[in-house]
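Peer 1: Note that the protein sequences, when read in sequence, are chains H and V.
First residue of the first sequence? That's 1 in the numbering used here, and the numbers climb one at a time after it.
First residue of the second sequence? That's 1001 in the numbering used here, and the numbers climb one at a time after it.
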Amino acid sequence: MLRVCLKGANAAARQCVCGKVAAHPLQHCRRYTSAGDSGVTAGKIVAASLLTVGGGLGGTIIYAKWDPKFRSNVEKTVPYSDKLFGMTLGPPPPAPVIPVPKKLAKVEPLQISSVSEATKESKQPKKEKKVKEAVPQEPAAAEEAPAPPPAPPSQTIEEASAEAAHIISAISEVPSVPAPGTSDDASPPSPAPEAAPEPPAEAAAMPAALSSNLDETLGSSAKVTMAAIGAQEAALTAIAVHTQKLKEAMDAEGAPDKKSAQWRALEDALDGRSRAVDEAGAALLRARDELEKLREVINVAKGSNIDAARPQVLAAEENLHNMIVDLDKVVGKVQAAQSEAKIVSQYSDLVNEAKAQFQKELDSITPEIKASWKGLAGKLTTDDLNSLIAHAHRRIDQLNRELAEQRVREQIHIESALEQQKLEHQKALETAVVTALEHNREEMRLEQEKKVAEVREVMEAEMRTQLRRQAAAHTDHLRDVLKVQEQELRAEADETLKNKMNEQETHYRRLTQEQLDTFTLDMNAAYARLKGVEEAIDSHVIAEEEARKAHQLWLSVEALNYSLRTAGVDAPTEPLEAAAVVVRESCADNEFAQALASALPAESLSRGVYSEASLRARFQDVRRLARRVALIDETRNSLYQYFLSYVQAALLMEPQQEAPPQRLSPADLDTFKLLSYACYSMERGDLELAAKLLNQLTGEPRRVAQDWLNEARLTLETRQAISLLSAYANAVGLGTTQAP
Amino acid sequence: MEEEYGRKWDRCLADSAVKIGTGLGVGVVLSVLFFKRRTWPVAFSAGMGLGMAYSNCQQDFRSPYLLHGRMVKSSPSYGCPLLLLQDQ
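#1: Count the other C-beta atoms from every protein chain shown that fall within 10 angstroms of the C-beta of residue 521 (chain H), then say buried if there are 16 or more, exposed otherwise.
#2: Less than 8 Å between the CB atoms is what I'm expecting for residue 687 (chain H) and residue 712 (chain H), so what's the real figure, rounded?
#3: Leaving out five residues on either side along the sequence, give the residues of the same chain with a beta carbon under 6 Å from the beta carbon of residue 145 (chain H).
#4: When DSSP labels each residue in this structure, what does residue 1069 (chain V) get in the three-state scheme?
#5: Using CA atoms only, rank isn't needed, just tell me which of H:444, H:391, H:731 is closest to residue 742 (chain H).
#6: Give, in chain order, every unbroken run of the beta strand (DSSP E) that is at least 3 residues long and sits entirely within the segment 627-682 of chain H.
#7: Against chain H, does residue 1069 (chain V) count as a neighbour if the rule is that its beta carbon must be under 7 Å from one of theirs?
#8: Output the distance between the C-alpha atoms of residue 410 (chain H) and residue 271 (chain H), rounded to the nearest integer angstrom.
#9: Can you tell me whether DSSP reads residue 608 (chain H) as helix, strand or coil?
#10: With a threshold of 7 Å between beta-carbons, can residue 703 (chain H) be considered close to chain V, or not?
#11: Is residue 337 (chain H) buried or exposed, if buried means 16 or more other CB atoms sit within 10 Å of its CB?
#12: Which of the residues in the segment 1038-1070 of chain V, read from start to end, lie with their CB under 8 Å from any CB of chain H?
#13: Could you work out which residues of chain V lie near residue 637 (chain H), taking near to mean beta carbons separated by less than 7 Å?
#14: In the structure shown, what three-state DSSP assignment does residue 581 (chain H) receive?
#15: Between H:462, H:321, H:553, which has its C-alpha nearest residue 438 (chain H)'s C-alpha?
#16: Please go through the same chain and pick out, in chain order, the residues whose beta-carbon is closer than 6 Å to the beta-carbon of residue 616 (chain H), but skip the five residues on each side of it.
#17: Residue 745 (chain H) versus chain V: which residues are under 7 Å apart at the beta carbon?
#18: Might you give, ordered along the chain, the residues of its own chain that have their beta carbon closer than 8 Å to the beta carbon of residue 714 (chain H), omitting 5 neighbours on each side?
#19: Using only CA atoms, which one of H:425, H:709, H:703 lies nearest to residue 689 (chain H)?
#20: Have a look at residue 473 (chain H) and residue 466 (chain H) and give me their C-alpha separation to the nearest angstrom.
#21: By the DSSP assignment, the alpha helix (DSSP H) with residue 386 (chain H) in it spans what residues?
#22: Could you check whether the Cβ of residue 570 (chain H) sits closer than 7 Å to any Cβ belonging to chain V?
#23: Which residues in the same chain have their Cβ closer than 6 Å to the Cβ of residue 625 (chain H), if we skip the five residues on either side of it in sequence?
#24: Below 9 Å between beta carbons is the criterion; list the residues of the segment 606-625 of chain H that meet it against any residue of chain V, in chain order.
#25: Is there contact between the segment 646-661 of chain H and the segment 577-596 of chain H, where contact requires at least three CB pairs shorter than 8 Å?
#26: Output yes or no for whether 7 Å exceeds the beta carbon distance between residue 232 (chain H) and residue 334 (chain H).
#27: Out of H:698, H:599, H:694, state which residue places its alpha-carbon closest to the alpha-carbon of residue 719 (chain H).
#28: Using 10 angstroms around the beta-carbon of residue 386 (chain H), count the other beta-carbons present and answer buried if the total reaches 16, otherwise exposed.
#29: Can the beta-carbon of residue 217 (chain H) be found closer than 7 Å to that of residue 297 (chain H)?
#30: Let me know the secondary structure DSSP gives residue 1074 (chain V) once reduced to three states.
#31: Does DSSP put residue 742 (chain H) in a helix, in a strand, or in coil?
#32: Alpha carbons only, please: which of V:1071, V:1064, V:1053 is nearest the one belonging to residue 1017 (chain V)?
#33: What's the gap between the Cα of residue 81 (chain H) and the Cα of residue 512 (chain H)?
#34: What is the DSSP secondary structure of residue 571 (chain H), counted as helix, strand or coil?
#35: Buried or exposed for residue 83 (chain H), going by 16 or more other Cβ atoms inside 10 Å?
#36: Cα-Cα, which of H:249, H:302, H:240, H:287 is closest to residue 273 (chain H)?
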């Protein structure tokens, strides 16, 4: 039945389970499929949206990277996009700056007499090639000279102009007008082609460097100019010498030796003159170069607009002008000398020509006669002489005719010459005037510049004073403001400081107080504990001390007790003094014990006490004697009595021992009775009772028993004291013993 | 104390012996010398000796009980002299 039920239950359960299992998969499948379907579409949607967003962002970022305007726009419109761009692309590019064109300063060509003029007259025909060579070189050099040095990079311009700006601002405390170079620091440099951006470039040089440069060039140009002037003067003298020599050679009709010497000297002079002139020409070239350089440098210096260098620049300009003037003068002199020399050489050429012509004629007439007609004397025939004279006459006629013609033409020639001279004079005048004008102009310019410089200085000084005043006012104002500010700030700072300090102080105080409190608490606790411990220890110590003392007392009492037992058979104990002393010491602070200890009889201390046994033994003797002298007392103490008492003792029989009654009746006060009582108690060990009984004896028996009684009393006393002490020691010991 | 008693008796006996002997001796001597060898001096002196010894002995044995007094003259108002007793 049960099994069946179970089976049924199992089956039912199985069925249920299976059913459930069977039911669910379908649903699950259905759900899976539906979920799967929806999942696919959802996933698609999600992916698509992600893709779109990512694409949009990426595109925006890439485009922003490419186009900064777009980037700025986006940054303006969309918040936090600037951070995103910053993260992904980096900082935005800087705004582009429009370059300012640089001012080109015009370098004026050097206003000097052209070099070709100076060189061409000084050279002989055979040296013209060199001149020609020099001339084309010169213009090239002239072209090159003003050619600019390579423009320095823009950084130096920027830096130098910045420094110049600093210097200017340092001089005047007004915000500086930027130097022409500073305005174009942002632009990339565009190197100027021909005539130079050196003024701004060289304006960048420091005034010190500038002045030193100036000085250098000045010095070198001065040297070279002086050299040129010297050379020119040397050339002048050489030309003069040569001319002189030529004149002499032309005019003089000296001896042939001297003539040849003269001609040689003339040649030498000519050489010297040509050399000098060449040298002069070279020196002049060099001087011109140097002056060009100087002029450039001065222009540069002028272009730098630095006031400190201005007087130097002016001075340099003046020097330059002077040098140019000197050079021109000397060149003029040389030219004049050269023109004279030209005239003289022309004259000499003409003369030579005439001479040559004459010579030729002479040769033609008299071919066999040699050229030198100095050594003719004696060699000529009359024909020759006649022909010679005829020729001479003819020549003279011709010459006269020529002379007449010449005289006729003289006027015309003179006029033409005058005109030519006038023209030339005019030209020279013009050139002189021009040069003078130039010089004057130059001088005036220099003067003006000087005046300008002075005025500028004055102005500068005034401006400086004004600026200084302004600066002073400004500084005063600043000072005041600063003072006020300082005070305010100080007050503020003081207050904050005070507050902070107060805070800190209170905090600190609190902390210290707390610390102190805790410390005090701890200390108190510790102290209390310490005290407790100390008290405990003290009490322990005291207790132990007490215990020790009690123990000691007990020991000493035991020793005392023991010393009682040292009594020999018939000898007393040893003196109890030592033991008693020990006892007294061991109970020094206890009055009771002290009293007890001192209650010990002196005899016991000094001599010791007898033991009970000895006393008992002795008692028998005492009894016997007491029996024998029983009848003797104060009244009856003759020998007869003695005899009678002896007889009585011999005859009287009493019990050896008789128990004493509780109360003694007068009948019991008989000696023999007492003795028997005492014996009885002695035998029972009751020394005390025996002593009491024996104390009742009277008369002679008493005297007989006295010693014994004393001894007994001593013993009893001692024993009593000791027993008391012992009891006390025991009690104290018991009291001090601590339960474990 | 007990020894004292014995000692006393010893002393007593010795003393009596001595006295008696001495008495005898003296008696003998006297009797020989003066009393023509009679026996009565011997006995007399011996007796004297014995008596002396006896008295001595008794005195010795009594000594503890003896009282020594002295007369002190009191004021005549009462008239009777006092007897101060002094114990030994």
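We put the CB at the ideal spot given by N, CA and C, even for glycine.
Computed from a prediction, not measured in an experiment: that's the story for all the values here.
Peer 2: In short, the structure shows the following:
#1: For this step, residue 521 (chain H) is matched to residue 521 along the first sequence. Flag for residue 521 (chain H) reads exposed.
#2: Position 687 of the first sequence, counting from 1, holds the residue named residue 687 (chain H). Position 712 of the first sequence, counting from 1, holds the residue named residue 712 (chain H). The Cβ separation is near 6 Å, so the contact holds.
#3: Indexing the first sequence from 1 puts residue 145 (chain H) at position 145. In this predicted model, residue 145 (chain H) has a pLDDT of only 40, less than 50, meaning its place in the structure is not dependable; the value taken from the coordinates is given anyway. If we look at residue 145 (chain H) and ignore the five residues flanking it on each side, its Cβ neighbours are 292.
#4: As a position in the second sequence, residue 1069 (chain V) is number 69, starting the count at 1. Residue state, collapsed to three classes: strand.
#5: Chain H is shown from 1 up to 740; residue 742 (chain H) falls before or after that span and cannot be answered.
#6: Correct list: empty.
#7: Position 69 of the second sequence, counted from the first residue, corresponds to residue 1069 (chain V). By this cut-off, residue 1069 (chain V) is not an interface position.
#8: The count along the first sequence starts at 1 and reaches residue 410 (chain H) at position 410. The count along the first sequence starts at 1 and reaches residue 271 (chain H) at position 271. Just so you know, the alpha carbons of residue 410 (chain H) and residue 271 (chain H) end up roughly 35 Å apart.
#9: Numbered from its first residue, the first sequence carries residue 608 (chain H) at position 608. If DSSP states are grouped into helix, strand and coil, residue 608 (chain H) belongs with coil.
#10: For the purposes of this step, residue 703 (chain H) is identified with residue 703 of the first sequence, where counting begins at 1. Yes, because at least one Cβ of chain V sits closer than 7 Å to the Cβ of residue 703 (chain H).
#11: In the first sequence, the residue the question calls residue 337 (chain H) occupies position 337. In summary, residue 337 (chain H) is buried, with 16 or more beta-carbon neighbours lying within 10 Å of its beta-carbon over all protein chains present.
#12: The segment 1038-1070 of chain V vs chain H, Cβ under 8 Å: 1054, 1057, 1058, 1061, 1062, 1064, 1065.
#13: Here residue 637 (chain H) refers to the residue found at position 637 of the first sequence. At a C-beta separation below 7 Å, residue 637 (chain H) has these neighbours in chain V: 1061, 1062, 1065.
#14: Taking the first sequence and counting its residues from 1, one reaches residue 581 (chain H) at position 581. Helix.
#15: Counting from 1 along the first sequence, the entry for residue 438 (chain H) is found at position 438. Minimum Cα distance to residue 438 (chain H) is reached at H:321.
#16: For the purposes of this step, residue 616 (chain H) is taken as residue 616 along the first sequence, with counting starting at 1. By the criterion of a C-beta distance shorter than 6 Å, residue 616 (chain H) is surrounded in its chain by 682, once the five residues flanking it on both sides are discounted.
#17: Lying before the first or after the last residue shown, residue 745 (chain H) is absent from chain H, which here runs from 1 to 740.
#18: Residue mapping note: residue 714 (chain H) aligns to position 714 of the first sequence, counting from 1. 601, 603, 604, 609, 610, listed in sequence order.
#19: Locating residue 689 (chain H) in the first sequence gives position 689, where the first residue counts as 1. That would be H:709, whose Cα lies nearest to the Cα of residue 689 (chain H).
#20: For the purposes of this step, residue 473 (chain H) is taken as residue 473 along the first sequence, with counting starting at 1. For the purposes of this step, residue 466 (chain H) is taken as residue 466 along the first sequence, with counting starting at 1. In a straight line, the C-alpha of residue 473 (chain H) is about 10 Å away from that of residue 466 (chain H).
#21: Within the first sequence, the letter at position 386 stands for residue 386 (chain H). That run of the alpha helix (DSSP H) goes 382-564.
#22: Position 570 of the first sequence, counting from 1, holds the residue named residue 570 (chain H). The C-beta of residue 570 (chain H) comes no closer than 7 Å to any C-beta of chain V.
#23: Within the first sequence, the letter at position 625 stands for residue 625 (chain H). If you ignore the 5 residues before and after residue 625 (chain H), its C-beta comes within less than 6 Å of the C-beta of 704, all in its own chain and listed in chain order.
#24: Listed by position along the chain: 618, 621, 622, 624, 625.
#25: With a cut-off of 8 Å, the segment 577-596 of chain H and the segment 646-661 of chain H do not count as touching, because too few Cβ pairs lie within range.
#26: Here residue 232 (chain H) refers to the residue found at position 232 when the first sequence is read from its first residue. Here residue 334 (chain H) refers to the residue found at position 334 when the first sequence is read from its first residue. Closer than 7 Å, so yes.
#27: Numbered from its first residue, the first sequence carries residue 719 (chain H) at position 719. Checking every option, the nearest Cα to that of residue 719 (chain H) belongs to H:599.
#28: What you label residue 386 (chain H) is simply residue 386 of the first sequence in a count that begins at 1. The residue in question, residue 386 (chain H), is exposed, as its Cβ has fewer than 16 Cβ neighbours within 10 Å.
#29: For the purposes of this step, residue 217 (chain H) is identified with residue 217 of the first sequence, where counting begins at 1. For the purposes of this step, residue 297 (chain H) is identified with residue 297 of the first sequence, where counting begins at 1. Yes, Cβ-Cβ distance for residue 217 (chain H) and residue 297 (chain H) is below 7 Å.
#30: Along the second sequence, one-based indexing puts residue 1074 (chain V) at 74. Three-state result, residue 1074 (chain V): coil.
#31: The requested residue 742 (chain H) is not part of the displayed model; chain H covers only 1 to 740.
#32: Translated into the one-based positions of the second sequence, residue 1017 (chain V) becomes position 17. For residue 1017 (chain V), the nearest C-alpha among the options comes from V:1053.
#33: Counted from its first residue, the first sequence places residue 81 (chain H) at position 81. Counted from its first residue, the first sequence places residue 512 (chain H) at position 512. Those two C-alpha atoms are separated by around 55 Å.
#34: Sequence index remark: in the first sequence, residue 571 (chain H) carries index 571 (1-based). When secondary structure is reduced to three states using DSSP, residue 571 (chain H) falls in the coil class, being assigned neither helix nor strand.
#35: On the first sequence, position 83 is the one that residue 83 (chain H) refers to. Residue 83 (chain H) is exposed by the Cβ-count criterion.
#36: Here residue 273 (chain H) refers to the residue found at position 273 of the first sequence. Minimum Cα-Cα distance from residue 273 (chain H) among the listed residues H:249, H:302, H:240, H:287 corresponds to H:240.
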